[in-house]
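Report on the following structure.
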Amino acid sequence: MTSRRICAALVVLALSFAGARAAAGNDDIAVLATVQQTMQDDYPTAAFGDAKRKLTEALEKCRRGHCNNNTRAQVLIALGMVMSQLGNGDEARAQFAAALQQAPSAHLPPSGTTPNIRNQFADAQKTVGVGGTAPTPTPTQTAAPPPPPTQTAAPPPPPPPPPPVETSNTLAQPAPTQAGRLPEWIQLASEGLKADLAGHLDECISKDKKSLELEEQPRTRLHLASCERRSGHLIDALRDTQKALEDGIKKRDAAVMRAARERVEELLGRIPHVTFVPPAGVTDLTVTFDERPVPQTALTKKFSIDPGKHTVHAEGTQGGIPLTFEETYEVKDGELLTVTITLKSAASEYLTPGQLKCMLQAKSQEEVVRCLPQNQKNLVVKAGFDFSGYTDTNSVNVATPALNASISSPTAGWNFGGSFLFDVVTAASPDIVSEASPAFRDRRYAGVFTGGYKPGKYGVQATAALSVENDYDSFGGGLAFTADLRDKLLTPRFAYNYSHDIIGRTGTPFSVFHHDLDTHDLEAGVTMVLNSSTLLSLNGTVQFERGDQSKPYRYIPMFAPDIAARVPVGATIDLVNQYRLPMRPLEQLPTSRDRVAIGLRLAKRFSSLNSTLRLDQRVYYDSWGIGATTTDARYVQDLGKRFRFWPHLRLNAQTSAGFYQLAYAALKDNNGKVTIPLYRSDDRELGPLVTLTAGGGLRFALTAPDSKMQIGVNVAGDLMYTRFLNALFVTTRTAVYGTVGMDFEFD
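Residue numbers (my numbering): 1 to 747.
Encoded structure:
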């Protein structure tokens, strides 16, 4: 509808000069085509910058070529209308006067004009001394509502460029009401356009919004976006321009679509953004941007904002001292504002004058912390004890009491700690019966000692471990190096560990019989803070084992070749003893083993739910041919400040070692010599298996969160089901593990 009305007006304009097209040469035809295209596509959508450029180029072409006077007049009138819309009235009058000098009969088209354009054209007629006025628009043309789209190019300095007001090139003309009045939404749109022409952009926005509440029109919304853009509300302008584009696509309005797409691209390049760098070690931080709260979980994201002045306010406590931050920033188009929040104290009752001066001169949060009063008792002491138990359907029972303690200085950066446990273990009954091994109850004493120093970004942690049993001793140690990079957003870790194990037989001195096993372990990992609520850890481990780790109590049943091929999975003890050969060789494993594992951990905090999700994934492979995958999930839910519980789920699956067999065959040659496999084991843990673990735990704080001494009770338990896919005697195992303990913290 609208485009047809514009075309009709352009035809009138084109035919208004007697004989213009008849006398036009090639240059006239090309120039008139440019004028028609510009006034049909650019002018109605307020793309005045493009319109001015095209018409200026057309006029220059006329000056270089052989356009007749009527063609030049058409270009000048169109250019004068564009200059009027750009707010340059003097230039518009000059173009109109030049047109009248070229063709005294030239006049304005019957549509697409504004009161300003008609007044400026009348002034030009008086200047040139040509009588007559432009044709009077019909009631339909003058009563129609405005609002056109906004401009595609940045406007010149004030006054702001008004959009066109003639309704015939902006909106379809609705029928008048019975009382002869136009609908209210059209009246409001007209008032918005008048306010725009008067430079009252706030009123323009208000009127257009009210009009759109009554009737959604893409051109009214595009005009609203124009007023918002020129008043500095770029985000609102982008939102309304995108809405106008959507409606223009639905209505197949090519002019609206073209103008809206250009403006969307322009606005995207102009909108500034803000992001925040929160201070480390402040857990109760609150931040507001222009008095609107910013969630802690979103501080490191980028937010779209309008250009202009903005105020950031933040509060938090550190070292028991209330701290604040407040700054005002002037943000320009397209700028990225990065706000580094440095909390400082404004409360003199907490600080000495020297400390206040120190904080005022501080350039970072770390420097602020150094200015805070330091507690002389800057030590943190932690201790705890627990009792764990394990039992399964194979009659393996384990009882483990354990103690742990540590002391650290957060300010000096050092720490020292250790743990001690005592294991009482029984052997699996199927293995005792089937392998003729003696039943036993072993005891293990194990201790781990740690110490480290991290005065700044870089730190080192040392570990020493010792384990003693009746027939198995182990000792070792390691070093780990850590660093805090990119304001603690990236924490790499490198570690080396070594252990030496001595494997013997109960009752036999190590000097008489023992195996040695040396293990070298290299580890590299990194923890990344993806945002204020998400952590991602990647870890890789390479392990080299050298030595004989065969069990000196494990005797392997041997079978004749034809029998070995028919031994079923899960064969009973009686069946195995009935068909096994008399020989009972000891287990023999390869004397070297190389392992590699890659792990990933993702921890996500959901502040609105007071919960944390932790996901772990680990893949493993070794030189014996065993491959494994382990997936672990834990969801920690906080109920109040004292109670926390978590469900736990884990799935582990592995393949078999290359030398592992369900039943081993012994071969006898013609001379009666018997040959047995070099490597042999009936350890079901070396075969293919799948284990599913489900359980959970809880922690209850006996003291208030702000108490100087923290005491908590911890309870956890898991139920584990294992399916052995290729093993003698046992095909399934169900186990229960549980622990209960208390922890203490003093500072």
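Note that beta-carbon positions come from the ideal geometry of N, C-alpha and C, so glycine has one too.
- At the C-beta level, residue 735 and residue 391 come within 8 Å of one another.
- Closest in alpha carbon position to residue 210, among 192, 199 and 197, is 192.
- Excluding five sequence positions before and after residue 679, the CB atoms of its chain that fall closer than 8 Å to its own CB belong to 588, 589, 590 and 659, given in chain order.
- Per DSSP, the continuous alpha helix (DSSP H) segment holding residue 257 begins and ends at 254 to 270.
- Following the DSSP letters along the chain, one finds residue 652 inside the beta strand (DSSP E) bounded by residues 643 to 654.
- Separation of the CB atoms of residue 324 and residue 344 is rounded to 7 Å, and the pair is thereby assigned contact status at 8 Å.
- Exclusion of the five residues before and after residue 459 leaves 413, 452, 453, 481, 482 and 483 as the residues of its chain whose Cβ lies within less than 8 Å of its Cβ.
- C-alpha of residue 384 to C-alpha of residue 570: approximately 43 Å in a straight line.
- Looking at the DSSP output, residue 639 shares a beta bridge with 643.
- Note on geometry: alpha-carbon atoms of residue 207 and residue 119 lie some 26 Å from one another.
- Residues 211, 214 and 215 of the same chain have their beta carbon placed closer than 7 Å to that of residue 185, with the five preceding and five following residues left out of the count.
- Under the three-state reduction of DSSP, residue 293 is assigned to strand.
- Taking 8 Å as the cut-off, the Cβ atoms of residue 279 and residue 342 count as close.
- Positions of the alpha helix (DSSP H) runs, each at least 4 residues long and wholly inside the region 504 to 588, are given as 561 to 564 and 573 to 579 in order along the chain.
- Between the C-alpha atoms of residue 258 and residue 242 there is a straight-line separation of about 12 Å.
- By the CB criterion at 8 Å, residue 31 and residue 52 fall outside the cutoff.
- Of the candidates 318, 308 and 314, the residue whose Cα lies closest to the Cα of residue 335 is 308.
- By the neighbour-count definition (other C-beta atoms within 10 Å, threshold 16), residue 121 is a buried residue.
- When the alpha-carbon of residue 472 is set against those of 503, 594 and 466, the nearest one is in 503.
- Closest in C-alpha terms to residue 129, from the list 112, 111, 117 and 105, comes 105.
- The criterion of a C-beta distance shorter than 8 Å is not satisfied by residue 654 and residue 633.
- Residue range 218 to 230 is occupied by the alpha helix (DSSP H) that includes residue 229.
- If you draw a straight line from the Cα of residue 495 to the Cα of residue 479, it is about 6 Å long.
- In this structure, 238 is the residue among 238, 514, 663 and 610 with its C-alpha nearest to the C-alpha of residue 266.
- Here DSSP, grouped into helix, strand and coil, assigns residue 662 to coil.
- DSSP places residue 68 in the coil class of the three-state scheme, outside both helix and strand.
- Three or more beta-carbon pairs drawn from the region 64 to 76 and the region 94 to 105 are found closer than 8 Å, and the two stretches are therefore classed as touching.
- Taking every protein chain shown into account, the CB of residue 223 has 16 or more other CB atoms within 10 angstroms, so this residue is buried.
- The shortest C-alpha to C-alpha distance from residue 668 to any of 541, 558 and 86 is the one to 558.
- Distance between residue 475 and residue 464, taken at the CA atoms: about 8 Å.
- The alpha-carbon separation between residue 27 and residue 36 amounts to approximately 14 Å.
- Under the three-state reduction of DSSP output, residue 115 falls in the helix class.
- Residue 395 is bridged by DSSP to nothing; it lacks a bridge partner.
- Membership of residue 96 in the alpha helix (DSSP H) is indicated by the continuous run 89 to 102.
- Assignment of residue 49 by DSSP, reduced to helix, strand and coil, places it in the helix class.
- In the three-state DSSP reduction, residue 624 falls in the coil class, being neither helix nor strand.
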